[in-house]
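To start, the structure under review is shown below, and the notes come after it.
Protein chains in written order, with full-length UniProt numbering: chain A, 1 to 355; chain B, 1 to 317; chain C, 1 to 319; chain D, 1 to 334.
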């Protein structure tokens, strides 16, 4: 794709400053995203990991400005290439959508218009944003379908979504998202609705396209396995806040937040013998209308003490590529003594940890 | 023809579910309160019409001297005649209340009968599917393709010319019964279709599968698992359906296919007084019209509230 | 193709059942159908016997029905004794008026309800939406007899804008007069339809606008107008189409009231007169025509689904 | 792959459940075409064992689970439970036998009737079978609820939507346990749950299995989950059986190319394990309406040869309770 403007190849692309997204509902204000800050460089990929209700999807949509207007309260700044997106207004955002940033959704079946041919859906943004004529747009759409590796692309242009397989639909959606050559691509659980063998193909495809086009990618997922192989950095979300953010290798090698640790230990792993006891996190995520004071993970955290329940830990940088929000991170004295206690009482097995 | 489905939400996506829970800008329950009070008052009047002094004290069919006195009727509402009177000098208020008695009974009896029959047929068609479903859907199509007035002609016009009908426990006017039969027949098909579509979607739910896995009989599944989930929708449809039936009864009565003696329903009253409209007889048309409109509106409001309470999508009847 | 054939067959069956039941019920309800057919005048015993033979009223119902069907196919349904004309002429003169009336009211209702519903759904819970919601609620609750009486009183009797007693004028003869004649009955029928259509389409559109592919369309940077008209509207039309088909029967039924009040000589009025005068032949013919119209519109809407939704097309190509 | 054959079955009397040549078909509309959901698979489950059925969508694993429950009745093959043939049982006999096998479904919300109180839902099986007096029933229900970690008092006054997904799944498990079944078929019981809750439910299943002496059939698409909970794993593809082995053995020494592909595709939460592109399988699962001839995996198999299209492989023993249906297995009998 030809980029509409000359873009710098490096530097910061996206910066969030204390972003908050709240929804006013009948029961009260839901603090779905509550003070998230981070930066993302051009050409890099960031994984946002969290369980359902952690606010990861709403965070992605808040950045893009794709939330319904009614009842949504957004504070904080989203700086895109130095420009505050909040100041753009809906009309200005429309120029950004599709051209500067675009999005892939979880379920390709419901996210593609069921009554419109694939070719038309791909050429629509081309015609709207790049003023292409019909013939040109169709040729470009064909090229895009080839790029995303759909077999028999000519035929697919005139087919409807229900005539394609799940993997092909997701490829078509990626083609739509890539159509106008965006700088930032959001992928919101892009493979959750797909089979594992197809999931691997789609993740590879996103990775390849990112490299070819020097895009930044934000990959939202609940699956730590998915981000491990496919992102440069990872942000772990819990109950609307960032628990930990680090480069991928650093996070897996040297996780600091007890939530990240618990998450990793609760996943059954292939390389463990079968019937290995999993570490379950007790309780369930907090109600976001009345979140706990202090650290939001404290009620479920085995290492929590009074300070954790009273004071909110800030996200602090431990090193250049690692920051976390915890009073007693993994490896701290309290963590160590509590860990020994848990092992001795049999709650944790000594081998329960991950190498 | 595909069916009108009332969608029972299963798992809406997080954002829409969040936004949908936002209260509507007006939390205006006023309409509901007003509607319910109106219906309560109207029902009270209708039920106790024969006992209430302010309904009874007026001679509905004036004779002799009173009739002569009223021959030069004024028609306008007054402290004596609250709703005025018609060209025969009859008191419109008393007649309207007696008409309410008839209209409400007819509407209620028809919608209950239609819900029981249509609900049962719809449930069976949706649950058993196959040939059963196909035969029933042809029957529903037939019922829908029947012109209402021909149905009314056959049932009211011929079978129930007049006289009393003895149904063991009940004894009632034949014509009255005929109107109920017509209205029931007219509403069975639309109701059955709604229930069928609902049952179809409910019987795909895993808890129905679970009950079958437990060895529950089909009857038990229908009664214990499916019916309770159908009830909110049926409840809502009962009110909107009642509103539709009141309109339909009005039309039939207007054309003379409903009860007329000793007291007509509102529709007939409107038609009766219509020719008098230009000669100052407007009040005798106005009040039955207002009552009919308000009653239909009240039932619609209640039905709508019930539907919203249970998050049921709007259905057409 | 197989689906169409099946569906068509089913509707033929429906048509046959409706006409058969009508015939049996009407004739069984009469003490002596032959005497009714002979009419109130000149009903000598010989004449009655002649009619009994001519319409095969001495035969079993299935055979009578077979003869009636034969007559239907040859469009020779006998003469009406009371109205003094052949059934074919009567129905042929009256039916087009009613069909036009139905067509006008549906077209009018759709023309009003589409933009109104789209705008109300787009500005959901805004002032316009709330006003429309209240207005349609009132309109749905307004029985057409009341509406007709009011319209008639004000527009015809009082202000004399439209004629009260309408006469039959074809649109190609004098369009102005024609529309003046049918205006009030059309509006009578259309008001309720507009209310139903707006509520239905608005609620479907609101649902569609919350679906994933609309978020996707927004994420592509499309304009709200394009999203509404190109993406959302088409997938929200299904209930509306079903409703049009369902309401069609109701419109023809409602036409009886409208034609009666405005004295418009359509099929509704004919049916009403025939019913009052026990004119079995005309009633049967009208019922058949009514059933035919309902069956055809059902079939048409069914086909239209496939045009609008490729998934249905696909499923039907398989089945 | 996609093999038939019964080489892997244990001697007749040993198994609690023995499924042979199971065949399940669904009609496609009214076309006369059929979805071959399950075509002639055989397996058995030993008493006290957990057998995992794993495969991607359309492989027939859920269909198999439901067919064991006779929901609906399979189109062919035999299913013997404790020596008793289920497919020929009808009426009362079938109903009675059903109490011995229970099922847990994927969607915890949809598998509980939203309009009934939780205690009633769990008591329903006892009501259906008329077991015990009302007091005894309530006692039993409360016991079971305690066992799965649901507060009986809260259950008595609440409806399913007042519980979280994980808790609903516990309630489903309680309902399955209340009749003291011998076997529970778990159909994707954790795939709708978050990982932290998934671990709770998996641990609970392990505990209950030990406590009540249950035999489990665990159906899931996630090989890591299946491997963790199962003693033996059967890998399915497009209505056929590919490989059956002890779960650790399957992971360490997969013999079927499809098992290998599946193992390679699973994203590992460890950035050091970087999957490479050439390990990926191409294409997607073919339509079960017109499955490929011979071995059904051959269209995507990296090592397929002419013979795979012509001849359907049979399950063959590799030793140590490990069986594979492939003409060119990745390893041979030791």
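Cβ atoms here follow ideal geometry from the backbone N, Cα and C, with glycine treated the same way.
Predicted model, so just to flag it, every value in this text is computed and none were measured.
Contacts that residue i makes with chain A (C-beta to C-beta distance below 8 Å)
i              : result
residue 227(D) : 268, 270, 274
residue 280(C) : The premise fails here: residue 280(C) is roughly 49 Å from chain A at the closest Cβ pair, so nothing lies under 8 Å.
residue 309(C) : 114, 115
Element boundaries [beta strand (DSSP E), containing residue i]
i              : result
residue 75(D)  : Premise fails: residue 75(D) is in no beta strand (DSSP E) and is neither H nor E.
residue 23(D)  : 17–27
residue 220(D) : 215–220
residue 34(A)  : 29–41
residue 150(D) : Counting along the chain, residue 150(D) falls outside any beta strand (DSSP E), and DSSP gives it neither H nor E.
residue 75(A)  : 72–80
residue 185(A) : 184–188
residue 41(D)  : 34–45
Partner residues on chain D for residue i, Cβ-Cβ distance less than 8 Å
i              : result
residue 199(A) : 265, 267
residue 307(B) : None at all; the shortest Cβ gap to chain D is about 17 Å.
Beta-carbon separation (whole angstroms), residue i vs residue j, contact threshold 8 Å
i              : j              : result
residue 253(A) : residue 245(A) : The Cβ separation is near 15 Å, so there is no contact.
residue 218(D) : residue 50(D)  : 6 Å
residue 49(B)  : residue 98(B)  : 6 Å
Neighbouring residues, chain B, relative to residue i (Cβ below 7 Å)
i             : result
residue 99(D) : 215
Residue span of the alpha helix (DSSP H) that contains residue i, given as start and end
i              : result
residue 55(D)  : First-last for residue 55(D): undefined, no H or E at that position.
residue 93(A)  : 89–96
residue 128(B) : 92–128
residue 35(C)  : 33–38
residue 94(D)  : 91–98
residue 245(A) : Premise fails: residue 245(A) lies in the beta strand (DSSP E), 241–247, not in any alpha helix (DSSP H).
residue 43(B)  : 30–47
residue 250(B) : 227–254
residue 300(B) : 282–309
residue 111(D) : That residue, residue 111(D), is in no alpha helix (DSSP H); it is neither H nor E in DSSP.
Which listed residue (the options) has its alpha carbon closest to that of residue i
i              : options                        : result
residue 261(C) : 276(C), 151(C), 281(C)         : 151(C)
residue 318(D) : 328(D), 310(D), 311(D), 187(D) : 328(D)
residue 55(C)  : 27(C), 5(C), 294(C)            : 27(C)
residue 214(D) : 48(D), 21(D), 23(D), 22(D)     : 48(D)
residue 130(A) : 279(A), 160(A), 92(A), 179(A)  : 179(A)
residue 323(D) : 42(D), 190(D), 36(D), 282(D)   : 42(D)
residue 79(D)  : 110(D), 117(D), 104(D), 40(D)  : 40(D)
residue 319(A) : 333(A), 255(A), 19(A), 280(A)  : 255(A)
residue 327(A) : 45(A), 303(A), 339(A)          : 303(A)
residue 394(C) : 291(C), 312(C), 298(C)         : The question about residue 394(C) has no answer, for chain C in this structure spans 1 to 319.
residue 240(A) : 9(A), 12(A), 17(A), 21(A)      : 21(A)
residue 124(B) : 182(B), 223(B), 187(B), 103(B) : 223(B)
residue 96(A)  : 257(C), 230(C), 223(C)         : 223(C)
Contact set between residue i and chain C, taken where Cβ atoms lie within less than 8 Å
i              : result
residue 147(B) : 249, 252, 253, 271, 286, 287, 290, 291
residue 160(A) : 310, 311, 314
Partner residues on chain D for residue i, Cβ-Cβ distance less than 7 Å
i              : result
residue 280(A) : 196, 199, 200, 203
Contact list for residue i against chain B, beta-carbon separation under 9 Å
i              : result
residue 128(D) : 211, 214, 215, 216, 217, 220
Where residue i meets chain D, residues with beta-carbon distance less than 9 Å
i              : result
residue 128(B) : Ordered by position in chain D, no residue passes the 9 Å Cβ test against residue 128(B), which lies about 14 Å from the chain.
Contacts of residue i in chain B (Cβ-Cβ under 8 Å)
i             : result
residue 95(D) : 215
Ignoring anything shorter than 4 residues or poking outside the segment 240–320 of chain D, list the alpha helix (DSSP H) runs there in chain order. 247–252, 257–265, 306–310
Contiguous alpha helix (DSSP H) assignments of at least 4 residues, all confined to the segment 181–248 of chain C: Entirely contained in the segment 181–248 of chain C, the alpha helix (DSSP H) runs reaching 4 residues are, in chain order, 212–219.
In chain order, what are the residue ranges of uninterrupted beta strand (DSSP E) at least 3 long that sit wholly in the segment 203–243 of chain A? 216–221, 233–238
So within the segment 263–342 of chain A, which uninterrupted beta strand (DSSP E) runs reach at least 3 residues, ignoring any that extend past its ends? 316–319, 322–324
Extract the residue ranges of the alpha helix (DSSP H) inside the segment 173–216 of chain B, only unbroken runs of 4 or more that lie entirely within it. Counting only runs of 4 or more, we get 174–202, 206–213.
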